[in-house]
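Below: one structure, written as structure tokens.
Numbering (the numbering used here), first residue to last: 1 to 198.
What follows is the structure, given as structure tokens:
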């Protein structure tokens, strides 16, 4: 699968993918985002099974008004080859902004909750880890009466998010020299009394 943030597959360059995920965590740890971990006890040892990063209203990943986040991004960008750096600036970033503007409306993403990262270790797939990480925040978000959104480049994930009340709002093709890909933008309106955090 082509990974949208860096334009090519994990298998082709696992180091740059790992570095991108590190930047996602560092950006969240600036205080802009909230990071949640799900642990599964295996043979008496609690193991990290999944991670979610959420941004609340007024915050976003790579916020142009947050110099600390942008500093982390600049260090990552310097590690990209010139072609990929140019692709990010000229294709990925504006296309991603257009995807969310088309799906949510101009400027709306920063007014609602945004799920930036949901990752579950393959050993813990189909065990409810992703569901628990998503539902934990959705219960809190629903209690505040605020909408939420997520973007994905994996069609299987679209079904997962739809099962949690999200609706596809926009879809866009992204061109990349390492393989074109599709992204979806989904939105969920606040719901009352449906979920419980488990």
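Glycine residues also receive a C-beta, built at the ideal position from the N, C-alpha and C atoms.
- Restricting attention to beta strand (DSSP E) runs no shorter than 3 residues, the stretch 112 to 147 encloses them at 113 to 120, ordered along the chain.
- At least 8 Å separates the beta-carbon of residue 29 from that of residue 52.
- Residue 52 is bridged by DSSP to 36, 118.
- DSSP, read as helix, strand or coil, puts residue 151 in strand.
- When 119, 101, 154 are compared, the shortest CA-CA separation from residue 111 is found for 101.
- Under the DSSP assignment, residue 174 falls in the beta strand (DSSP E) whose first and last residues are 167 to 174.
- Non-local C-beta neighbours of residue 63 in its own chain, meaning closer than 7 Å and more than five positions away in sequence, comprise 32, 69, ordered along the chain.
- Taking 8 Å as the cut-off, the beta carbon of residue 115 is found closer than this to the beta carbon of residue 148.
- Residue pairing by DSSP leaves residue 91 without any beta bridge partner.
- Sorting 20, 99, 67, 125 by C-alpha distance to the C-alpha of residue 38 places 125 at the top.
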